[in-house]
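Protein chains in written order, with the numbering used here: chain A, 202 to 404; chain B, 202 to 404; chain C, 202 to 404; chain D, 202 to 404.
Cβ coordinates follow ideal geometry from the N, Cα and C atoms, glycine included.
All figures in this text were calculated on a predicted structure; none of them were measured in a lab.
Number of protein chains: 4
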Amino acid sequence: MTDTTTGKDARRSIGARRNPDSAEAIREAAEAVLLEHGYPGFTIEAVARRARAGKPTIYRWWPSKAALLLDVYQRQKRDVVYADTGSLENDLFLFLKSLFRQWRETPMGQIFRSIISEAQSDPAAARALAESGRDRRQHTGQLVERARARGEVADDVDPQVVADLAASYAWTHLLTDRLEEDDTELRSAVRYLVRGIRTAGAG
Amino acid sequence: MTDTTTGKDARRSIGARRNPDSAEAIREAAEAVLLEHGYPGFTIEAVARRARAGKPTIYRWWPSKAALLLDVYQRQKRDVVYADTGSLENDLFLFLKSLFRQWRETPMGQIFRSIISEAQSDPAAARALAESGRDRRQHTGQLVERARARGEVADDVDPQVVADLAASYAWTHLLTDRLEEDDTELRSAVRYLVRGIRTAGAG
Amino acid sequence: MTDTTTGKDARRSIGARRNPDSAEAIREAAEAVLLEHGYPGFTIEAVARRARAGKPTIYRWWPSKAALLLDVYQRQKRDVVYADTGSLENDLFLFLKSLFRQWRETPMGQIFRSIISEAQSDPAAARALAESGRDRRQHTGQLVERARARGEVADDVDPQVVADLAASYAWTHLLTDRLEEDDTELRSAVRYLVRGIRTAGAG
Amino acid sequence: MTDTTTGKDARRSIGARRNPDSAEAIREAAEAVLLEHGYPGFTIEAVARRARAGKPTIYRWWPSKAALLLDVYQRQKRDVVYADTGSLENDLFLFLKSLFRQWRETPMGQIFRSIISEAQSDPAAARALAESGRDRRQHTGQLVERARARGEVADDVDPQVVADLAASYAWTHLLTDRLEEDDTELRSAVRYLVRGIRTAGAG
DNA sequence: ACCTAAGCGAGACGGTACGTCTCGTCTTGCG
DNA sequence: CGCAAGACGAGACGTACCGTCTCGCTTAGGT
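Structure representation (structure tokens):
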């Protein structure tokens, strides 16, 4: 895919400091290996082979597989849409739809799945994932706060919890290969979240 | 030469058919290994050692690590509360609270995390997980249908989607070690789902 | 003494090249295992355990059990007597007697038996054995050539064939545990070979 | 009707005594497996599979691989020529030539190689081989005794030793894949043995 | 005509060894 | 000192056989 090694000319040390070419080659190789052979094929050895790098070079800069995985993840662009249509329901729907598409159509989905997997055993990945989750909820929460500011949402609503519910829905669909579903279900989910599922008269 | 008598009362073949004692010993050993050494320590070799079983005996009956994992999971009792308090909000809250507690206090949490992890690379585990998810949503959806029957929930609400939202919330908290949180957040989540997050006058 | 492990200090890699300590430890372990547990106990696993080496380290340098076996064999000293008493009959007798003693009293006998065994199934061992046989016949043939030079042996005699007959006799006695026999039989065999078994007047 | 047989006409027990059909099927399978897959492929499992026999049936009647091997060997016809041409040299040459051909052109060569191999680790095989060797030397020795009777061979010659030398030569050529050599060498070997290798005047 | 006893095919059992893979560490020699 | 290279001890992978065991069935011979 993104193979920069030009045949026989091997990269060498550039002196007593980190060689950015190597770092980049490793990141690229990591991503390529992950996409081509999946998470179980994502081994340090495979990455080193692909990057024409020595294993110690990888271990020197990334203490664990999780670290490399996170690095690859963060290297990806994040052009998820945070549209402002004036309607929270619409905003949330567009956000999730855009996120689903990104996960489907770019390496990010596979990478993120791998990170979640890794986090189940690697505490470092778990920590990183937790932090990234907090950030993400913060971001998504702003959609809700914006809506609250314009009176669309009740004052006592916790934007974090709403963001959590939305993100959870996305995660689960990623992890169970349900990113392909048509919009109806996603729209329903968002509608329930915003309007509730009660009958009009209930409460 | 090859001494097979390892101890005084080793399990033996009971003829040309499966020995249930061995099967059970393996399941027990699998669970114990998983809990003591976590998912990365969950190795066929380790399970075989622990169960005092030969590796081929495991491979004979469980084609993959995933299969064994699922078997161990299904072996667990599922005494999650499906209370019927007359209020869907309350029912859902109690259900999730009970599920959280079970995941926290029994091996099921760790086992289920491992299965989700495994499913990210093993298609068989993925399939089994998908099916189990469908079943679970079916079950949980009955809470919603019950509420709809008594007029608490709008007719056009899809119980599956509601169950999906609730289960997603649970999964994500399991996967990110947030099973310990106090009830407030959980209660909020359920409330938003049932009543919506809009201001009274909105819509 | 075949234990080279110096307590807890494990051998390590010495960089991107073969570690002679490991190689030697493996050779020593191989010999020890072969002598202590015989050919059926001569297992790559057992050698690796004994040498405190990883199996891949063995497979890296010795492609097969046969290769390791041959290496161990060639590592042994070959101080077989090639006396020059002026009498071929005597020379041959002393040579075979010395060879028998070496096979009896040093590991070489057991090792050589194992190699012959291995060569019956492993083509590589068969090739190596064939070559070593040729060399050996060449060597032993020199005894005959020396005798021919001094007129003791007829000109048309093929030293290789004589050496073959002598070596065959030795092999067979090794393979059938008849190294212990008293000298009478051996002396007869050599006498027949040199003088023939005919009556004086025959021909 | 309680026919549980899966095949069309599986062999069954014929009561509380050995079933000769099974025994024969096993012998045949053993020979076939040995010839088709060689000594390393000669496993009890393979023989059982091939013979459509249960492993215990084999172990019941043949305590070891060696026993089965020997049985297969003895099952072969032994039509080695023991010609009586009036010349011992000729008789021995014809005997060895015939033996070489038999080993080359029938399964016996491969089977005998396997037995020698097996005897290097299995004491039972070693014993059987030793005994069979004694018998064989006895037989071959008769050629020499016959010649001695007609005054062709000196009185003090031990026929056993002569037979041993001849058999050793044959064994070694079998074990080192030198059965194909042309007659010249074989003829020389026999000539040296009978006439000696000395110059006419030596002694 | 029943009953016991042993042989039969089948195949599961606890094991060991196979040869390969990856792990994370180590050390070299070049730049 | 960083780098590519790759050897190292360790140990898991999934498979093949080992030799033992039990099953359910078969039949012969003794009762």
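Do residue i and residue j have their CB atoms nearer than 8 Å?
i	j	result
B:Tyr240	B:Ser318	yes
C:Asp378	D:Ala211	no
A:Leu269	A:Val281	no
C:Trp372	D:Ser315	no
D:Glu246	D:Val391	no
A:Val362	B:Glu382	no
B:Thr307	B:Gln277	yes
D:Gly255	D:Ala249	yes
A:Ala224	A:Arg251	no
B:Asp384	B:Lys298	yes
Quick one: which chain B residues come within Cβ less than 7 Å of residue i?
i	result
A:Trp241	The sequence shown places Pro at residue 241 of chain A, not Trp. The answer, in chain order, is Ser322.
A:Arg314	Gln321
I need the straight-line Cα distance from residue i to residue j, nearest angstrom please.
i	j	result
C:Thr206	C:Gly216	For C:Thr206, the pLDDT reaches just 37, beneath the cut-off of 50, and the residue's location in the model is therefore unreliable, leaving the point undetermined.
B:Leu380	B:Gln303	10 Å
B:Pro360	A:Leu375	21 Å
D:Gly397	D:Ala364	15 Å
A:Thr203	A:Ala230	Low per-residue confidence applies at A:Thr203: pLDDT is 38, beneath 50, and the placement is therefore not dependable enough to give any value.
A:His340	A:Glu346	10 Å
A:Lys266	B:Gln311	21 Å
A:Leu295	A:Arg213	47 Å
A:Met309	B:Ala320	18 Å
A:Ala331	A:Ala367	16 Å
D:Lys209	D:Arg253	Residue placement at D:Lys209 is poorly supported in this model, since its pLDDT is 44, which falls under 50; the coordinates are not used for a value here.
C:Thr244	D:Ile259	26 Å
A:Ala350	B:Arg335	38 Å
C:Ala329	C:Arg279	17 Å
D:Pro257	B:Asp222	24 Å
B:Gly287	B:Ala226	43 Å
B:Val285	B:Gly342	According to the sequence as given, residue 285 of chain B is Asp; it is not Val. Between B:Asp285 and B:Gly342, the C-alpha separation is close to 13 Å.
D:Leu235	C:Val395	40 Å
C:Ser333	C:Pro324	14 Å
A:Ser389	B:Ser389	19 Å
D:Phe313	D:Arg337	13 Å
A:Arg305	B:Arg305	32 Å
B:Ala355	B:Ala348	9 Å
For residue i, return the contacting residues in chain C, with the cut-off set at a CB-CB distance below 8 Å.
i	result
D:Ala329	Result: empty, since nearest Cβ-Cβ is about 11 Å, beyond 8 Å.
Starting from residue i, follow its DSSP beta bridges and name the residues at the other end.
i	result
D:Val354	C:Arg399
Run through chain D and tell me which residues come within less than 9 Å of residue i, C-beta to C-beta.
i	result
C:Ile317	Ile317, Ser318, Gln321, Leu376 and Thr377
Just to make sure I have the definition right: I need the residues of chain D whose C-beta is within less than 8 Å of the C-beta of residue i. Which are they?
i	result
C:Trp372	Ser369, Trp372, Thr373 and Leu376
Since residue i and residue j are thought to touch, with beta carbons under 8 Å apart, how far apart are those beta carbons, to the nearest angstrom?
i	j	result
B:Asp272	B:Arg228	6 Å
A:Tyr283	A:Leu344	7 Å
D:Trp262	D:Arg219	7 Å
C:Arg399	D:Glu353	7 Å
What does residue i reach in chain A if we use C-beta pairs closer than 7 Å?
i	result
B:Ser389	Asp359 and Val362
B:Gly334	Thr377
What does residue i reach in chain A if we use C-beta pairs closer than 8 Å?
i	result
B:Leu394	Leu366, Tyr393, Leu394, Gly397 and Ile398
Given that residue i touches chain A, what residues does it touch there, using C-beta distances under 9 Å?
i	result
B:Glu386	Asp359, Gln361, Val362 and Asp365
At 7 Å on the CB atoms, spell out the chain C contacts of residue i, in chain order.
i	result
D:Gly352	Thr400
When every heavy atom of the ligand MG is checked, does at least one fall within less than 7 Å of the C-beta of residue i?
i	result
D:Phe294	The ligand MG is not part of the structure shown, which contains no ligands of any sort.
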